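*Asks:*
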Amino acid sequence: MLDIAIIGGGIAGLTAAIALRRAGHPVTIYEKSALSNEIGAAINVQTNASRPLLALGMDPVRARFVPAKGSQRVKGDTLEPVHELNLGAIADKYGSPWYFAHRVDLHQELKRMATTDDGGRLSLSN
Numbered sequence: 001m002l003d004i005a006i007i008g009g010g011i012a013g014l015t016a017a018i019a020l021r022r023a024g025h026p027v028t029i030y031e032k033s034a035l036s037n038e039i040g041a042a043i044n045v046q047t048n049a050s051r052p053l054l055a056l057g058m059d060p061v062r063a064r065f066v067p068a069k070g071s072q073r074v075k076g077d078t079l080e081p082v083h084e085l086n087l088g089a090i091a092d093k094y095g096s097p098w099y100f101a102h103r104v105d106l107h108q109e110l111k112r113m114a115t116t117d118d119g120g121r122l123s124l125s126n
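What follows is the structure in structure tokens.
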């Protein structure tokens, strides 16, 4: 068992902390921000990201994920469709769903998973 320090409490650092905790290692996460003024935008949680998140115990409902059924790109000036993507069968094809999410919701759920239930320690800047 290793005593592990993770520098950075972003999506990658928190996900690493969750995985390492599940492997039995004590983890301390060091983050320079206070994580109190988080901002973000919509993100795609594609199958190659949803598969490991679900394997780590991520609850898509708790994280407020929305299952993606389709996506469309349009021209900015005319809103004319340029490309459409049907995502309805993506989980069957790749073994994991595609989600739309808000970055802050994902980050909050990862933070909860990484630091609760005898979780890792989180050291924030003052």
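Read in the UniProt record's numbering, the sequence shown has 62 at position 62, and its numbers run on one by one without any break. For glycine and all other residues, C-beta sits at the position ideal for the given N, C-alpha and C. None of these values were measured; they are calculated from a predicted model.
Which residue or residues does DSSP assign as beta-bridge partners of Pro67?
*Replies:* Bridge partners of Pro67: Tyr99.
*Asks:* The beta strand (DSSP E) spanning Ile29 covers which residue range?
*Replies:* Counting along the chain, the beta strand (DSSP E) containing Ile29 begins and ends at Val27 to Glu31.
*Asks:* Hey, could you find the ends of the alpha helix (DSSP H) Ala17 is sitting in?
*Replies:* It spans Ile11 to Arg22 - the alpha helix (DSSP H) in which Ala17 sits, taken as one unbroken run.
*Asks:* Smallest Cα separation from Met58: which of Lys111, Lys32 and Ile4?
*Replies:* The shortest C-alpha separation from Met58 is found at Lys111.
*Asks:* Per DSSP, what are the beta-bridge partners of Pro81 in this structure?
*Replies:* BP columns for Pro81 point to Val74.
*Asks:* Look up Asn44 in the DSSP assignment and give the residues it is bridged to.
*Replies:* Beta-bridge pairing links Asn44 to Phe100.
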